[in-house]
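Colleague:
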Amino acid sequence: MTLMTGKEYIESLRERDPLTIYLMGQKIENPIEHPIIRASINSIVLTYDLAHKPEYRDIMTAKSILTGNTINRFCHLHTSTEDLQNKVKMLRLLGQSCGTCFQRCVGMDALNAVYLTTYEIDKQHGTQYYQRFVDYIKMAEEKDWVIDGCMTDPKGDRSKRPSEQKDPDVFVHIKERRDDGVIIRGAKAHQTGAINSHEHLIMPTLAMRDHDRDFTICCAVPADVDGITYYYGRQSCDLRRLDETIEGDIDCGNAVYGGQECLVIFEDVFVPNERIFMNGENEFCGRLVESFSAYHRQSYGGCKVGVGDVLIGAAATIAEYNGVLKASHIRDKITEMTHLNETLYSCGIACSAAGQETPAGNYLVDQLLANICKQNVTRFPYEIARLLQDIAGGLFVTLPSSKELSNPESKKIIEKYLVGAEGIDTVDRIKILRLIENLTLGRAAVGYLTESMHGAGSPQAQRIMINRLSNIEEKKKLAKSLAGIED
Ligand code: SF4
Ligand code: FE
5 MTLMTGKEYI
15 ESLRERDPLT
25 IYLMGQKIEN
35 PIEHPIIRAS
45 INSIVLTYDL
55 AHKPEYRDIM
65 TAKSILTGNT
75 INRFCHLHTS
85 TEDLQNKVKM
95 LRLLGQSCGT
105 CFQRCVGMDA
115 LNAVYLTTYE
125 IDKQHGTQYY
135 QRFVDYIKMA
145 EEKDWVIDGC
155 MTDPKGDRSK
165 RPSEQKDPDV
175 FVHIKERRDD
185 GVIIRGAKAH
195 QTGAINSHEH
205 LIMPTLAMRD
215 HDRDFTICCA
225 VPADVDGITY
235 YYGRQSCDLR
245 RLDETIEGDI
255 DCGNAVYGGQ
265 ECLVIFEDVF
275 VPNERIFMNG
285 ENEFCGRLVE
295 SFSAYHRQSY
305 GGCKVGVGDV
315 LIGAAATIAE
325 YNGVLKASHI
335 RDKITEMTHL
345 NETLYSCGIA
355 CSAAGQETPA
365 GNYLVDQLLA
375 NICKQNVTRF
385 PYEIARLLQD
395 IAGGLFVTLP
405 SSKELSNPES
415 KKIIEKYLVG
425 AEGIDTVDRI
435 KILRLIENLT
445 LGRAAVGYLT
455 ESMHGAGSPQ
465 AQRIMINRLS
475 NIEEKKKLAK
485 SLAGIED
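Offset between the sequence shown (1-based) and the numbering used here: plus 4.
(1) When the Cβ atoms of the segment 101-121 are set against those of the segment 44-53, are three or more pairs found closer than 8 Å?
(2) Could you have a look at D272 and say whether DSSP puts it in helix, strand or coil?
(3) Here's the rule I'm using: 16 or more other beta-carbon atoms within 10 Å means buried, otherwise exposed. How should A196 be labelled?
(4) Look up P158 in the DSSP assignment and say whether it is helix, strand or coil.
(5) Find out if the Cβ-Cβ distance for the pair I206, N283 is shorter than 8 Å.
(6) Per DSSP, which one or two residues make a beta bridge with G190?
(7) Going by beta carbon distance, what residues of the same chain come within less than 8 Å of L422, once the five residues before and after it are set aside?
(8) Among the residues of its own chain, which have a CB less than 8 Å from the CB of S410, if the five just before and after it don't count?
(9) Just grab the DSSP bridge partners of M3 for me.
(10) Could you say which of E265, T209, V150, V268 lies nearest to S201 if we only look at CA atoms?
(11) In three-state DSSP terms, what is D370?
(12) Would I254 be called buried (16 or more neighbouring beta carbons within 10 Å of its own) or exposed?
(13) Using the beta-carbon count (16 or more within 10 Å), is M28 buried or exposed?
(14) If we ignore side chains and look at the alpha-carbon of each, how far apart do E361 and L120 end up?
(15) Is T382 close to the ligand SF4? I mean its beta-carbon at under 7 Å from any heavy atom of the ligand.
(16) Where do the ends of the alpha helix (DSSP H) carrying L2 lie?
(17) List in chain order: all unbroken alpha helix (DSSP H) runs of 4+ residues lying wholly within the segment 381-438.
(18) Less than 7 Å separating the Cβ of G459 from some heavy atom of the ligand FE?
(19) Please state if the CB of A389 and the CB of R245 are separated by a distance shorter than 8 Å.
(20) In whole angstroms, what separates the C-alpha of N277 from that of S485?
(21) Looking at F296 and Y133, is the spacing between their C-beta atoms short of 8 Å?
(22) For my contact list, L7 and T65 are in at a C-beta cut-off of 8 Å; report their separation, rounded to the angstrom.
(23) Run through the segment 52-89 for me and flag every whole beta strand (DSSP E) of 3 or more residues, listed as ranges in chain order.
(24) Where does K11 sit, in a helix, a strand or coil, going by DSSP?
(25) Would you please state the rounded distance, in angstroms, between the beta carbons of Q89 and A318? I believe it to be under 8 Å.
(26) Which of helix, strand or coil does DSSP assign to N471?
(27) Give a yes or no on whether the C-beta atoms belonging to S303 and L95 are separated by under 8 Å.
(28) Ordered along the chain, which non-local residues of its own chain (more than five positions away) have a Cβ less than 6 Å from that of G190?
(29) Which residues mark the beginning and the end of the beta strand (DSSP E) in which N283 is found?
(30) Using only the heavy atoms of the ligand SF4, determine whether one of them is closer than 7 Å to the beta carbon of E285.
(31) Confirm the yes/no value for this check: CB of R72, any heavy atom of the ligand SF4, distance under 7 Å.
(32) What I want to know is whether the C-beta of E455 ends up closer than 7 Å to one or more non-hydrogen atoms of the ligand FE.
Below you can see the structure in the form of structure tokens.
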């Protein structure tokens, strides 16, 4: 089954045991058919279906270094800098295709980070994690899994270490050790695509110290294992997906695709030994967290750029519909949007091209450049969105409901007064304005703006890494040498 289709992916979700999911106060029995959840599933479906299109084969698939099979790139260990660049291109393509978060990248980034870390732990401690994890990846490749890279704990009181928290459950930890495995407890917050995943690959969220040893756990559990509860994250304008009319679909802005974030609770979940990939080796938490973060910060130089392309397209379309596309200030704003967007892409490609082989044999991006990439992502999408709102005019937030279009009287009035450039269908004008609302204020704005700020680490996390990796001492030597200063 190495390359599933989107349809087979949805079938594979149906084959899971029922999950315990709460969404807006209700227990959801059939997540796959729920309109809000279904939109997020549709985004992931693209990661399967595009892999079957001949024109995208090169970037959507890869050759496994473990088996030689052709696999979906989302399950792939990167084996060259070209592989890393293809990953960025793949994420841009998907961002362009769905205009939102397609959720599957976190697992790919976690696979690569855990792979290189288990190798290094085994070298130092003589443990058996690496081979276990290789077996796990082979399974992921073969079954073409969506894996939730499960890192961010709720963290409680940020001034305290995990072991100092009043309630230790604010960090995932080992509650009990058994001969055949461990029992874990706690939660992970902001989990992208958690309900749409086959597996959770749990990782520690920060560097741990000696007394935090019970919190140093990296392991995998199936999404339908006993003891997990999912609380679905509400997002702006999500009720519009429950409108059951075509007109209501217009108000969604992007009726087909959506993202997904959940709070995931692990209440005494058993993990057998063969699914444990780190257990108490505190000194490797930093390596795991930093390499995962670097991969995921690289990812944003692809996915957000793809969504940025949609914003730029929306800007040009509404300018044309408003009859102002030729105005020089509009063209200049669109040029600025493109400049910012391609700068992000340049960062994604640069940190990939400067990547290097790890001792384990996969490739890791250049960590300084990956952090620069994500730091720019915390800023540029806001400016791109601002320019789009500027070009669009205020109508995207004052539009009457599209339900008025089903009343012939009202429709006539709306078509008369919301008309744009000659020859442009007023309903098309409304549709593009609703897409702009969705991208800059609605559900997709979560993925394009807030996630750009906080996903893969908030801005300060990158600044800490940039400071650490910037080698100021070397730069001081350069300056002193030119100034004729001898140390
Ligand atoms: Fe992938 Fe981007 Fe969503 Fe992260 S935010 S899961 S990189 S699409
Ligand atoms: Fe993310």
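Where a beta carbon is used, it is the ideal one built from N, C-alpha and C, also for glycine.
Modeller: Straight from the coordinates:
(1) Enough Cβ pairs lie closer than 8 Å, so yes.
(2) Taking the sequence shown and counting its residues from 1, the one referred to as residue 272 is at position 268. Correct three-state label for D272: strand.
(3) Mapped onto the sequence shown, residue 196 falls at position 192. Note that residue 196 is Thr in the sequence shown, not Ala. Of the residues assessed, T196 falls on the buried side of the cut-off, its CB having 16 or more other CB atoms within 10 angstroms.
(4) Counted from its first residue, the sequence shown places residue 158 at position 154. In the three-state DSSP reduction, P158 falls in the coil class, being neither helix nor strand.
(5) Reading the sequence shown from its first residue, position 202 is the one you call residue 206. Reading the sequence shown from its first residue, position 279 is the one you call residue 283. No, they are not a contact pair.
(6) As a first step, residue 190 is located in the sequence shown; it is residue number 186 there, counting from the start. The beta-bridge partner set that DSSP reports for G190 consists of F270.
(7) Here residue 422 refers to the residue found at position 418 of the sequence shown. If the five residues before and after L422 are omitted, its C-beta is found closer than 8 Å to the C-beta atoms of L399, L403, T430, R433, I434, all from its own chain and listed in chain order.
(8) Taking the sequence shown and counting its residues from 1, one reaches residue 410 at position 406. So the list reads T249, E251, once near-sequence residues are dropped.
(9) Missing from the structure shown is residue 3; the chain here goes from 5 to 491 and no further.
(10) Here residue 201 corresponds to residue number 197 of the sequence shown, with the count starting at 1. Out of E265, T209, V150, V268, V150 has the C-alpha closest to the C-alpha of S201.
(11) For the purposes of this step, residue 370 is identified with residue 366 of the sequence shown, where counting begins at 1. The answer is coil: DSSP assigns D370 none of H, G, I, E or B.
(12) Residue numbering aside, residue 254 sits at position 250 when the sequence shown is read from its first letter. The C-beta of I254 has 16 or more other C-beta atoms within 10 Å across all chains shown, which makes the residue buried.
(13) Residue mapping note: residue 28 aligns to position 24 of the sequence shown, counting from 1. Residue burial annotation: M28 is exposed, with fewer than 16 other C-beta atoms found within 10 angstroms of its C-beta.
(14) Stepping through the sequence shown from its first residue, residue 361 is reached at position 357. Stepping through the sequence shown from its first residue, residue 120 is reached at position 116. Roughly 10 Å between the two C-alpha positions.
(15) Residue numbering aside, residue 382 sits at position 378 when the sequence shown is read from its first letter. Distances taken from the Cβ of T382 to the heavy atoms of the ligand SF4 include none shorter than 7 Å.
(16) There is no way to answer for residue 2, as the model of the chain reaches only from 5 to 491.
(17) Those alpha helix (DSSP H) runs which fall completely within the segment 381-438 and span 4+ residues are 384-396, 399-402, 412-421.
(18) Residue 459 sits at position 455 when you count from the first residue of the sequence shown. Yes; taking the cut-off as 7 Å, the Cβ of G459 has a heavy atom of the ligand FE nearer than that.
(19) Against the sequence shown, residue 245 aligns to sequence position 241. Against the sequence shown, residue 389 aligns to sequence position 385. Result no, Cβ atoms of R245 and A389 do not sit closer than 8 Å.
(20) The sequence position of residue 277 within the sequence shown is 273, counting from 1. The sequence position of residue 485 within the sequence shown is 481, counting from 1. Going from the Cα of N277 to the Cα of S485 covers about 56 Å.
(21) Counting from one through the sequence shown, the residue named residue 133 turns up at place 129. Counting from one through the sequence shown, the residue named residue 296 turns up at place 292. Against a cut-off of 8 Å, the Cβ pair of F296 and Y133 comes out as no contact.
(22) By one-based count along the sequence shown, residue 7 stands at place 3. By one-based count along the sequence shown, residue 65 stands at place 61. That belief holds up - the Cβ atoms of L7 and T65 are roughly 7 Å apart, short of 8 Å.
(23) Whole beta strand (DSSP E) segments, 3+ residues: 65-67, 74-76.
(24) One-based indexing of the sequence shown puts residue 11 at position 7. Reduced to three states, the DSSP call for K11 is helix.
(25) The count along the sequence shown starts at 1 and reaches residue 89 at position 85. The count along the sequence shown starts at 1 and reaches residue 318 at position 314. The beta carbons of Q89 and A318 sit about 27 Å from each other, so the pair does not count as a contact at 8 Å.
(26) By 1-based counting over the sequence shown, the position of residue 471 is 467. If DSSP states are grouped into helix, strand and coil, N471 belongs with the helices.
(27) As a first step, residue 303 must be located in the sequence shown, where it is residue number 299. As a first step, residue 95 must be located in the sequence shown, where it is residue number 91. Yes, these two residues count as a Cβ contact at 8 Å.
(28) One-based indexing of the sequence shown puts residue 190 at position 186. D173, F175, V176, H177, F270.
(29) Taking the sequence shown and counting its residues from 1, the one referred to as residue 283 is at position 279. Its beta strand (DSSP E) spans residues 280-283.
(30) Locating residue 285 in the sequence shown gives position 281, counting from the first residue. No, the ligand SF4 has no heavy atom inside 7 Å of this Cβ.
(31) The residue you call residue 72 lines up with position 68 of the sequence shown. For clarity, residue 72 is Gly in the given sequence; the question names Arg instead. Not so, every heavy atom of the ligand SF4 lies at least 7 Å from the Cβ.
(32) On the sequence shown, residue 455 is found 451 positions in, with the first residue counted as 1. Yes.
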